[in-house]
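Enquirer:
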Amino acid sequence: MAENIARVFADAIAPDPTRPLLTWYDDATGERTELSGATLANWVAKTANLLVDEVAVGPDDSAGVLLPPHWQTAAVLLGCWSAGLTVAEAPGPVDVLFAAVTRVTETDAWPAGERYALALDPFALPMREVPTGFADYVLEVRGHGDHFTPRSSGGAADADLLARARERATEFGLAVGDRALIDVVRHPEPVEWLLAPLSVGASVVLCGNLDPTRLPDRLVAEKVTRTVA
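Residue numbers (my numbering): 67 to 295.
(1) From this set, Ala122, Arg245, Thr139, Arg194, which residue's C-alpha is nearest Glu255's C-alpha?
(2) Under 8 Å: does the beta carbon of Asp212 sit that close to some heavy atom of the ligand NAP?
(3) Write down the C-beta distance between Ala111 and Asp224 rounded to the nearest angstrom, noting that I regard them as a contact closer than 8 Å.
(4) Using only alpha-carbon positions, find the residue among Asp277, Thr293, Thr89 that is nearest to His136.
(5) Output yes or no for whether 9 Å exceeds the beta carbon distance between Arg245 and Glu288.
(6) Quick check: the Cα distance between Leu228 and Ala268, rounded to an integer number of angstroms?
(7) Which residues share a DSSP beta bridge with Cys146?
(8) Does DSSP put Arg73 in a helix, in a strand, or in coil?
(9) If you reduce the DSSP assignment to three classes, tell me which class Glu206 lands in.
(10) What span of residues does the alpha helix (DSSP H) with Phe238 cover, start to end?
(11) Cα separation between Val142 and Tyr203?
(12) How many whole angstroms separate the CB atoms of Gly150 and Gly209, which I take to be in contact at a CB cut-off of 8 Å?
(13) Give every residue of the same chain whose Cβ lies closer than 6 Å to the Cβ of Leu247, excluding the five residues on either side of it in the sequence, and list them in chain order.
(14) Classify Thr279: buried if its beta carbon has 16 or more other beta carbons within 10 angstroms, exposed otherwise.
(15) For the segment 144-187, which segments carrying the beta strand (DSSP E) assignment without a break, of at least 3 residues, lie completely within its bounds, in sequence order?
(16) Round the Cβ separation of Leu101 and Val207 to the nearest angstrom and send it over; I've been treating them as touching at under 8 Å.
In structure tokens:
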């Protein structure tokens with residue numbers, strides 16, 4: 067059993083890289099974004115290359131991720147783990163910081179050498195105005211390579227994170243091939259909305275600000291086999 071998040075991600079994609087792996091809904095804005103395994107892998111590779119080639123970080127370094135559940139957050143997290151970074155779970159000094167523009171006022175508690183801001187735009191458009199002291203993640207990441215070879219041993223925290231993810235996957239009743247709908251307001255931790263489904267080879271439909279009246283039609287349209295709400 068793989069104890070390497072990058073390997074688990076690759077295994078989840080391998081059966082069919084073209085199938086939808088992560089679909090994001092925000093019922094407050096009407097956003098729907100669907101990413102195949104190949105498309106998400108492209109974002110992950112670009113993020114890992116940004117970290118290694120531009121920020122010059124890697125194993126034994128740390129990242130702060132002040133981002134809500136979102137498809138871009140998945141790319142950032144998986145990119146960090148692919149590069150061997152530890153994603154910090156509490157405020158403190160980190161080597162690189164990713165923050166939503168709505169949370170930049172919280173970043174004083176996260177001193178970092180490099181800082182990237184994300185607007186979480188539905189179409190991943192660059193920001194018109196970048197917060198002072200930050201670079202625009204979307205603008206910076208696009209210039210990096212589409213392929214990245216992760217470390218074979220994974221990051222220092224991978225084994226613990228995957229153990230927790232598999233435990234949650236069991237609690238959720240997830241299995242290989244499932245299409246899981248997850249209410250991210252109720253399950254905001256990445257171990258639950260991202261790593262748990264990946265750890266068992268399930269694809270995911272993530273719902274922010276879930277409108278219960280839309281749920282029955284969504285379950286049918288997305289061919290959901292398991293609901294975690």
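By construction, the Cβ of each residue, glycine as well, lies at the ideal position given by its N, Cα and C atoms.
Expert: To lay it out plainly:
(1) Thr139
(2) With respect to the ligand NAP, the structure offers nothing, as it holds no ligand at all.
(3) That pair is no contact at about 18 Å.
(4) Thr89
(5) yes
(6) 14 Å
(7) For Cys146, which the question treats as bridged, DSSP gives no partner whatsoever.
(8) helix
(9) helix
(10) 224-238
(11) 9 Å
(12) That pair is no contact at about 22 Å.
(13) Val271, Val290, Thr293
(14) exposed
(15) 160-166, 178-184
(16) The pair is not a contact, with the Cβ atoms about 15 Å apart (cut-off 8 Å).
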